[in-house]
Each structure stands twice: as structure tokens, then as C-alpha cells.
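Visitor:
In this note's numbering, the protein residues as written are 16 to 821.
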């Protein structure tokens with residue numbers, strides 16, 4: 016909400032400086048986000064009148080002007096190139112010595128042989144607006160010679176406040192002024208809105224068929240207007256300083272009243288309303304409306320419409336239609352002021368991919384008790400600015416269906432003191448309600464409060480307690496230390512933090528990303544093979560419509576973004592939640608029924624594995640680089656990797672990550688099809704792990720160094736094709752637990768591997784060479800014991816089809 020300080024002070028003018036005013040508003044809940052000057056610093060610019068204009072003899076666009084700057088001396092000769100300069104107008108004139116924005120000093124100059132004793136200025140040259148089409152032509156009622164900053168109130172401030180969604184009443188100057196009155200107690204003067212009597216019987220009839228859409232619709236017809244009348248300068252200034260561009264008198268009046276009262280209004284060309292009547296209802300499938308922004312909307316039963324005899328003409332509470340818009344030929348208008356129920360408007364603009372000031376206010380709620388008063392107020396402004404001698408004002412048509420009921424809300428004074436944490440006397444609470452304009456009764460220290468129609472956010476006791484707290488002043492609340500003792504909990508030694516995992520990957524050269532948890536539907540199908548992801552009811556963008564069940568899509572998207580900016584190598588990771596359907600999950604403080612939300616950590620490698628250097632040949636990162644990074648990430652835990660296919664990965668270059676027999680993630684090269692789909696020159700390597708599974712680790716323990724030398728034995732075996740080293744290592748480790756011959760077993764390491772292709776009469780085989788390491792436990796361990804251990808290993812390997820190589 017943006018407005019000028021002078022406009023606000025026209026309603027209430029507390030004895031506070033600008034900074035003190037903004038501080039008071041912020042501490043009362045109307046957070047001031049920014050304060051800026053209407054115009055930047057400049058000096059030496061005055062109001063001047065152009066006395067005469069003649070063309071420059073040596074130029075096709077310059078003019079020689081005689082200008083009166085009000086100093087009582089001779090007129091100044093100023094050379095000007097503006098196309099709109101003409102005799103008799105008032106304009107800003109920077110005299111010699113003036114300093115314009117940007118520290119630009121005006122000096123005496125000669126232009127094409129003619130002396131120029133100053134500069135006539137545009138609004139952009141003074142830093143006021145971006146308009147540079149010509150000179151800033153000033154109103155005729157200004158005094159020649161007066162400083163432009165004083166004459167045009169350029170020392171005024173623009174204040175922008177940031178509001179919470181429940182404070183729709185503060186989306187207007189009157190609403191802010193009311194709150195400021197409650198905060199400071201300064202006198203409040205609001206604009207008068209007397210009834211404007213009708214002098215004609217012409218009217219627009221209203222029929223409301225959807226009371227759940229529209230609670231009140233107030234309208235009036237006015238004929239024989241001059242819509243080409245100019246907007247008053249005071250209204251233009253207030254609108255421009257509120258971020259609104261002046262368009263035409265009627266549009267400006269509508270915007271002005273909306274900013275002032277918070278109630279949107281709409282003008283239609285009364286002669287274009289077929290049947291002379293409007294019907295308010297919900298839309299029907301197949302109906303269309305061409306809106307004022309040029310967009311054609313397909314109407315459905317979720318959208319409210321205003322119809323004439325020929326069908327829908329206006330999108331209720333959002334935007335008017337092209338068919339009934341006011342044009343240059345319009346002389347008769349219909350003014351509409353309505354109350355639309357919040358739930359009937361909320362979310363509709365997001366569906367339509369655009370927003371309007373009117374819908375923004377209706378979504379948060381407007382004052383349903385003031386539509387008729389506002390209609391009279393805007394009638395007065397229209398007739399004063401655009402009226403003619405023959406202007407005919409029709410009667411007010413006020414159709415009312417179902418309006419929100421205003422219930423009494425009770426507040427216990429003791430309860431308020433307890434919640435606020437401050438001993439506030441009951442009389443102070445009563446004074447707060449009086450300043451807010453709340454009707455109340457007090458009995459047995461319990462307030463029964465009925466809020467006015469513009470404070471629709473007052474529904475429960477806590478709402479009233481909040482009002483008391485903010486008017487007393489949040490800054491006055493006492494600072495009290497917590498009553499409970501605070502303890503610093505230590506993390507168990509066998510538990511590590513998620514941050515430590517981040518630090519490990521950062522030490523390995525990875526950079527962390529933070530992506531949205533909601534992703535395009537195509538990502539779920541491409542990277543997870545998921546045709547039924549969890550859909551969002553109200554996505555922030557149409558493409559981000561589902562919750563992710565994988566994190567690879569986000570990594571690939573960021574990789575592509577960087578590749579488009581000439582990045583050749585990348586190591587990326589992200590820690591975040593995924594969202595999977597799981598009917599076994601119940602609703603708790605940290606979970607939602609039917610949705611599993613585990614924390615995952617995912618990474619991506621792309622480009623040169625070692626970077627450009629002279630020591631090793633350049634090569635692309637591959638599966639084993641990512642596998643090594645995963646092993647370093649989870650250390651001291653030891654995972655195994657089992658070949659397995661995944662939707663997002665190359666079927667021959669991917670593996671499941673296993674820990675204690677449980678699958679905790681995957682690692683592999685991106686599928687070639689996805690590499691082509693997403694336009695990647697090379698396939699990145701990706702991995703993803705369940706974080707909870709790798710946070711627990713074994714606690715280190717002390718093992719004395721043996722005084723006996725370890726013993727090693729080598730053995731070579733041939734196994735059928737398809738038998739993996741992991742399977743052989745597993746059976747030997749199991750044998751070491753039960754076979755006494757393997758007492759002191761340390762490890763079985765593979766140091767040679769040879770694949771033999773199938774012959775005509777023999778299947779494919781794999782030759783593996785192992786080194787068995789044993790650590791003797793006493794001095795009696797002999798060579799025969801080592802040979803027995805080797806025999807036990809061969810027996811264990813034989814269970815997987817291994818035979819000694821001959």
C-alpha cells in the first residue's frame with residue numbers, strides 16, 4: 016500500500032515527524048517498508064511563465080523563449096527544444112546556478128549562436144516521473160517565481176506499508192487514518208459522503224442469483240456526462256504519488272475512491288447494457304468473457320459473472336469486460352459498488368494468471384456496510400468533474416442478499432493481561448476499544464465487543480487481545496527472562512548432524528543448492544517414473560504443480576542453467592525432503608496422514624573429473640567417481656553397491672546403495688534418453704541417499720597393536736560369469752564367524768581380475784585373485800594354521816561355484 020504523507024495528513028495530522036509517524040505505524044502493526052521523497056534533491060528551480068516563443072533560425076527543432084521567472088527584472092531568454100513549449104504556459108525553470116538531480120549545475124550557455132540564460136525542465140529532468148515527452152506544464156493557479164518544491168509540494172514523502180493478509184481494512188487511506196487515530200489519539204477528519212439526490216428515473220436493475228457469491232450490489236445510472244473533462248491536478252498528484260498513472264477522469268476517480276476508501280468501484284457504459292439490467296450469478300461451462308486487458312477467459316462454475324440480456328459481461332470482483340467498457344463516445348455510465356464474499360474471489364486470479372487491485376482487496380475483505388455511501392461519494396466526484404448542465408442522476412439501486420453476521424466477541428481482562436504479559440488496567444483496554452471505534456459493554460471485567468463492518472478480522476478473543484497489545488505498544492512490553500532453566504543438549508557420539516554431511520560434500524568440491532519442493536509434472540515422470548505424484552491444490556506457478564519424489568530433476572535443471580552460461584564442469588548437491596504417498600503414515604505434530612516426507616541428500620557430477628592439469632590425462636567424471644564420493648560421504652559406514660536399474664539412470668551404469676541389507680539410495684549415470692531430452696552434451700553422474708540411514712555411525716574403540724606380524728596367502732579361483740566379488744566376500748565373512756580355522760581373519764582383498772569369453776563348449780568365466788590376510792593372536796600360530804585358513808576360504812568360495820585356477 017503506497018500513499019503520500021500529505022494525503023494521509025489531510026485526514027489526521029498528529030504532532031509527529033515523518034520518522035516518528037512511520038515508527039508509530041510500524042510498532043502498531045502497519046509495517047512501513049519504505050519512505051521515499053516525491054522528488055530528489057535539487058535547488059534553484061522556480062515556477063516561470065513563457066511570454067513568447069519563436070523558432071531558432073539555425074535549428075529545425077529549437078525555440079527561443081522569453082520567460083518571466085517572477086524576480087521583477089527583465090524576462091530571461093532561454094533556448095528550448097521541447098515540442099510542447101508555447102506562449103502563456105507555466106513551467107519549471109532552472110535558473111543559472113541551479114543544481115539539478117545528478118549534481119548537474121545550470122550555467123549560462125550559447126546554443127547555435129543564441130544565449131540561453133537557464134533551462135526549462137521536464138518532469139524526468141527533475142526526477143519526478145519518467146515522462147520526457149516534453150516540458151512539465153504546471154497548473155495555471157501557481158505563483159510565478161515561487162520555488163517549485165514549495166509550489167508543487169515536492170518535499171512530500173511517499174510511504175509504503177506492508178500489511179498482513181488479515182488487515183484488508185488498512186488497504187485504504189481512510190483505514191490507515193483510522194488506525195493512526197487509534198494509535199495517537201489525534202483528531203480524525205474523514206471526507207463527508209452525503210446522499211446525492213436523484214433527478215432522473217433512469218436506472219440499472221440488479222438481480223442476484225448467487226447469494227454465496229455477492230452479498231450486496233449497489234448501482235446508479237448517470238446520463239449526459241462529459242467524460243473528456245480533465246482530472247483535477249490535486250487528484251493526479253495523489254494518484255501518481257500512490258503509484259497510479261493518470262489515465263482519464265473516470266478511471267482516475269475510480270482509482271482514487273478505491274485508494275481512499277478501500278472499496279473498488281466499476282464504470283460501465285450504460286447504453287451497452289442489454290436489457291438495462293444486470294444479473295449476478297456463477298458462470299456456466301462454455302461461456303466466455305473478453306476482459307479489459309484483452310484476455311478472453313473461459314468461464315466455469317467456479318467464476319462469478321455479471322450478465323446482461325446477452326450473457327456474461329464482467330468477471331465478478333476481478334475485472335470489467337470489453338463489451339461494456341467506457342469509450343470516448345460514452346455519455347451515460349453505470350456506477351457499480353459491490354460486496355463479494357472473500358471465498359468467492361480467493362484463488363481466482365492465480366488461476367487466471369493475473370491480478371487486479373480490486374480482486375486483491377476483495378480477497379482480503381471490504382467494508383460491506385459502506386457500499387451505498389461510497390456510491391454517493393463517487394457520484395459527487397463524477398458530477399463535479401464530468402458533469403454538465405443536463406446531467407441526469409438516477410436513483411440508487413441497492414440489492415442485498417446475505418451479509419456476514421457481526422457477532423459479539425468476549426474478552427476477559429485477566430486473560431488479556433496473562434497473554435500480553437503486562438499489567439494493563441481495564442480502563443486502558445476500554446480506551447483502546449473506544450479509539451478503534453468498537454462498540455462494547457463491560458461486565459465483571461469481561462468485555463463484550465462488536466467490531467464495525469470494516470474490521471471483519473475480529474472473530475475470537477485473541478483478536479481483541481492483539482488489538483489491545485498493539486495499541487498499548489509492543490515496544491512497551493516488559494523484557495522478562497524465561498522462567499524455565501535452559502539446557503544445552505549434547506549430540507550422542509554415535510550420531511552426526513545433517514550439517515556435517517553438507518560440510519563433507521563441500522570439502523569434496525560440491526556446491527549446495529536449494530530448490531523448490533514442488534516441481535513440474537514432467538520431472539516426476541522422467542526422473543522417477545511416477546505418473547501419480549501428489550498434486551498441489553494452489554501452485555505458486557502453473558508449471559510447479561506437484562510435490563517431488565526425487566531430487567535429481569532439480570540438480571539437472573540447475574546444471575543446464577549453468578551450462579547455458581559457459582560453465583563446463585559442476586559438482587552440485589542438495590539436502591531436502593521428498594514427498595511420497597504412504598498410507599501407513601498417520602497425522603502427528605511432524606507428519607501428515609498418507610504422506611511420507613523423508614530427508615534426502617542428492618548430488619551431481621559433470622565435466623572433467625580432475626580439472627585441467629598436467630599430471631593426469633583429462634577425462635570425464637564417471638560412475639566410480641560418484642561411488643567414491645558416496646563412500647567418503649557415509650564413512651565410517653561401509654555400503655555395498657548392487658547393480659540395479661532406475662527410471663532416471665543408464666540401465667548398465669547404475670547401482671542401488673545398500674547398508675546393512677537395506678536399500679538407502681542409488682548412484683549412476685543419467686539415462687541417455689534424458690540426456691538428449693534435457694539437451695546435455697554429456698551424461699552427468701547422480702546419486703541420492705536417505706539421510707536418516709547415514710546419521711548413525713559406530714563409535715570408535717581402542718584396539719591394541721598386535722606384536723605378531725600379519726600373515727598373507729594368495730589364492731586364484733575361477734567363478735561362473737555373473738558371480739560378483741561382493742557375493743564371494745560375503746560368504747567368506749560369514750565363514751569367519753563360525754569356522755575356527757579362520758580365527759584372526761582380517762580381510763580378503765581382490766587384486767587381479769580377468770574375464771574369459773565363452774567358447775563353443777565352455778561358458779563365460781571370471782578369474783579372480785585374492786589376498787587373504789590373517790592376524791595371529793598368539794605365538795603358537797603356525798604355517799599349517801595359515802594353510803588351513805586358506806583351505807577354509809576355498810571351501811567358502813566353492814559354495815558360489817568357485818574352483819581353484821589350474
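Where is the CB? At the ideal position from N, CA and C, for every residue including glycine.
1. Can you look up residue 701 in the DSSP assignment and give me helix, strand or coil?
2. Might you give, ordered along the chain, the residues of its own chain that have their beta carbon closer than 8 Å to the beta carbon of residue 30, omitting 5 neighbours on each side?
3. Taking residue 360 and residue 378 to be in contact with their CB atoms under 8 Å, please state how far apart those CB atoms are, rounded to whole angstroms.
4. Between the alpha carbons of residue 114 and residue 57, how many angstroms are there, rounded?
5. Which residue comes first and which comes last in the beta strand (DSSP E) that contains residue 583?
6. Please list the terminal residues of the continuous beta strand (DSSP E) segment that includes residue 311.
7. Write down every uninterrupted run of the beta strand (DSSP E) in the stretch 704–757 whose length is 3 residues or greater and which is fully enclosed by it, in chain order.
8. Quick one, which of 302, 470, 112 has its alpha-carbon nearest residue 277's?
9. So within the stretch 226–271, which uninterrupted beta strand (DSSP E) runs reach at least 3 residues, ignoring any that extend past its ends?
10. Which whole-angstrom value describes the C-beta separation of residue 834 and residue 751, a residue pair presumed to lie in contact below a C-beta threshold of 8 Å?
11. Measuring only the C-alpha atoms, how far is residue 461 from residue 548?
12. List the DSSP bridge partners of residue 526.
13. Under three-state DSSP, which class holds residue 370?
14. Roughly how many angstroms lie between the CA atoms of residue 120 and residue 59, to the nearest whole one?
15. Taking C-alpha atoms, which residue in 705, 793, 430, 670 lies nearest to residue 722?
16. Give the secondary structure of residue 689 by DSSP, where H, G and I count as helix, E and B as strand, and everything else as coil.
17. Less than 8 Å between the beta carbons of residue 391 and residue 211, yes or no?
18. Tell me whether the beta-carbon of residue 215 lies closer than 8 Å to the beta-carbon of residue 407.
19. Compare the Cα-Cα distances from residue 530 to each of 593, 468, 478, 481 and report the closest residue.
20. Cα separation between residue 400 and residue 245?
21. Which word fits residue 797, buried or exposed, when buried means at least 16 other C-beta atoms lie within 10 angstroms of its C-beta?
22. How far does the alpha helix (DSSP H) with residue 392 in it reach, from first residue to last?
23. Specify, as a first and last residue, the run of the beta strand (DSSP E) that residue 606 falls within.
24. Can you tell which of 383, 319, 612, 586 has the C-alpha that lies nearest to the C-alpha of residue 645?
25. Pick from 45, 76, 667: whose alpha carbon is nearest that of residue 176?
26. Output the residue ranges of the alpha helix (DSSP H) runs that lie fully inside the stretch 145–209 and measure 4 residues or longer, sorted by chain position.
27. Near residue 285, which residues of its chain fall below 6 Å by C-beta distance, leaving aside the five closest residues on each side in sequence?
28. Below 6 Å CB to CB, which residues in the same chain sit around residue 790 once its five sequence neighbours on both sides are set aside?
29. How about residue 231 and residue 353: do their beta carbons lie closer than 8 Å?
30. Does the stretch 560–579 come close enough to the stretch 692–708 to have 3 or more Cβ pairs within less than 8 Å?
31. Within the stretch 450–528, note down every full beta strand (DSSP E) run reaching 3 residues or more, in order along the chain.
32. Determine the contact status of residue 809 and residue 763, defining contact as a CB-CB distance below 8 Å.
33. If you measure from the CB of residue 178, is any heavy atom of the ligand FAD nearer than 7 Å?
34. State the start and end residues of the unbroken alpha helix (DSSP H) segment that holds residue 21.
35. Can you give the beta carbon distance from residue 324 to residue 289, rounded, assuming they're within the 8 Å contact cut?
36. Along the chain, where does the alpha helix (DSSP H) containing residue 37 start, and where does it finish?
Guide: Short version:
1. strand
2. 201
3. Indeed, because the Cβ distance is near 5 Å, the residues count as touching under 8 Å.
4. 6 Å
5. No beta strand (DSSP E) holds residue 583; DSSP gives it neither H nor E.
6. 311–313 is the span of the beta strand (DSSP E), which, as asked, contains residue 311.
7. 726–735
8. 470
9. 229–238
10. Past the boundaries of the shown model lies residue 834; the chain is included only from 16 to 821, so the question cannot be answered.
11. 51 Å
12. DSSP, once it has assigned bridges, lists 587 as partnering residue 526.
13. coil
14. 10 Å
15. 793
16. helix
17. Residue 211 sits close to residue 391, with the two beta carbons spaced by under 8 Å.
18. yes
19. 593
20. Each residue's Cα considered, the two are about 8 Å apart.
21. By the neighbour-count criterion, in which 16 or more other beta carbons inside 10 Å mark a residue as buried, residue 797 falls on the exposed side.
22. 386–401
23. Element bounds for residue 606: n/a, residue is neither H nor E.
24. 586
25. 45
26. 163–166, 188–199
27. 236, 347, 348, 349
28. 721, 725, 759, 761
29. yes
30. yes
31. 454–458, 461–465, 526–528
32. no
33. As for the ligand FAD, it is missing from this structure, which has no ligand bound.
34. 20–24
35. 4 Å
36. 33–42
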